[in-house]
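At position 215 of the sequence shown (counting the first as 1) the number is 215 in the UniProt record's numbering, and the numbers step up by one without a gap.
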Amino acid sequence: MTVDAPPAPPAPPRIDVLGVPVARLTFEELLAQLDDALRRAGGRPEYYTYVNAYGAILAAREAPYRAAVAGADVVYADGIGVVWATRLLGGPCPERINVGPVELGRIVDLCAERGASVFLLGGAPGIADEVARRLVAERPGLQIAGVHHGYFAPEEEAAVVQRINDSGAALLILGLGPPKQEIWVNRHLAALQVHAAWCMGGLLDQVAGAVAYPPEWVRRNHVQWLYRLMTEPRRLWRRYLLGIPEFIGRVALQRLGLERQA
Ligand code: UDP
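So, in structure tokens, the structure goes:
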């Protein structure tokens, strides 16, 4: 009598990359998860964020950011380097999820369809207002519950939470950049009455037209980091020119079982 080999265990839904639990899902699956969260009544908000090579080394170095990212319901692979790392580490992500203007359009279209209003938090004064104006101009059915810039003092945080709750927003979009956005949302998650909070980094600047958005071929060829480096060299050179080699080195060490976190 032959005994069938037991079926291979299902691949885990998340894979650890430098201490970050990276979710192995597609953008469509994430959108479906948001849809569920928007329909659900009450409960703790869902919290989504992303990780790229820069975020992963930040997480490996800084425990508070690592803890804040670990508190997310979904951390998706925003950079091709992270997708590559998940392959090397034995739990490949199905795709890179890069939320640009098109994906943001899908997200807010879903909100409009569900009658779910959106609060935009982040960027310099005026940025979130401009994003709101542009989004609503393209889809009059969308309700923007409120906006707030991202440069508030720690003592103003409770008032910002209150303002978001009073607005009745269902989705909070944060553009405070890592690590601030993750630490902020993780700290206030229990007090926030939204259905979902989604960190989007510098996207608000791009949608507002304050920073150039890379053309589609740049995205397709995964050289967005190079494009951003050329458009904002002073702010970003350290992140990419030092960060990418460090990321590759640390992932190689993790593969060999030698990576240690701070
Ligand atoms: N930002 C903010 N408050 C702060 C620091 C940054 O609102 O205290 C905003 C900043 O104006 C910019 C974004 O955060 O819009 C920076 O995001 P970044 O480009 O670093 O994120 P990425 O998209 O690269 O992950």
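The beta-carbon is built from N, C-alpha and C at its ideal position, and this holds for glycine as well. All values derive from a computational prediction rather than experimental measurement.
What are the boundary residues of the beta strand (DSSP E) that includes residue i?
i           : result
residue 195 : That residue, residue 195, is in no beta strand (DSSP E); it is neither H nor E in DSSP.
residue 20  : 20-23
residue 15  : 14-17
Alpha carbon to alpha carbon, what distance is there between residue j and residue i?
i           : j           : result
residue 106 : residue 246 : 34 Å
residue 177 : residue 198 : 12 Å
residue 163 : residue 52  : 31 Å
residue 215 : residue 7   : 44 Å
residue 147 : residue 221 : 34 Å
residue 240 : residue 80  : 13 Å
residue 188 : residue 29  : 26 Å
residue 196 : residue 34  : 7 Å
residue 104 : residue 83  : 21 Å
residue 256 : residue 91  : 15 Å
residue 46  : residue 171 : 10 Å
residue 161 : residue 244 : 35 Å
residue 157 : residue 173 : 16 Å
residue 224 : residue 131 : 21 Å
residue 159 : residue 190 : 15 Å
Just curious, the alpha helix (DSSP H) that residue i is in, first and last residue?
i           : result
residue 77  : From DSSP, residue 77 is part of no alpha helix (DSSP H) but of the beta strand (DSSP E) over 74-77.
residue 86  : 80-88
residue 122 : No alpha helix (DSSP H) contains residue 122, which is instead part of the beta strand (DSSP E) from 118-122.
residue 101 : 101-114
residue 55  : 53-61
residue 133 : 127-138
residue 30  : 27-39
Whose CA, out of the options, lies closest to the CA of residue i?
i           : options            : result
residue 88  : 258, 259, 254      : 254
residue 263 : 231, 196, 222      : Given that the chain is displayed from residue 1 to residue 262, the structure contains no residue 263 and the question cannot be resolved.
residue 114 : 210, 131, 31, 208  : 31
residue 20  : 203, 68, 44        : 68
residue 72  : 218, 259, 184, 84  : 184
residue 259 : 172, 42, 57, 120   : 57
residue 123 : 155, 236, 161, 203 : 203
residue 50  : 248, 242, 39, 74   : 74
residue 16  : 193, 60, 43        : 60
residue 77  : 70, 93, 63         : 93
residue 179 : 38, 212, 54, 43    : 54
residue 264 : 110, 63, 219       : With the chain covering 1 to 262 only, the question about residue 264 has no answer from this structure.
residue 200 : 227, 85, 120, 13   : 120
residue 38  : 227, 194, 210, 234 : 194
residue 70  : 43, 168, 108, 22   : 22
Using the three-state DSSP reduction, which class does residue i fall into: helix, strand or coil?
i           : result
residue 231 : helix
residue 190 : coil
residue 151 : coil
residue 249 : helix
residue 44  : coil
residue 146 : strand
residue 218 : helix
residue 240 : helix
residue 213 : coil
Exercise. Write down every uninterrupted run of the beta strand (DSSP E) in the segment 162-191 whose length is 3 residues or greater and which is fully enclosed by it, in chain order.
Key: 171-175, all fully within the segment 162-191.
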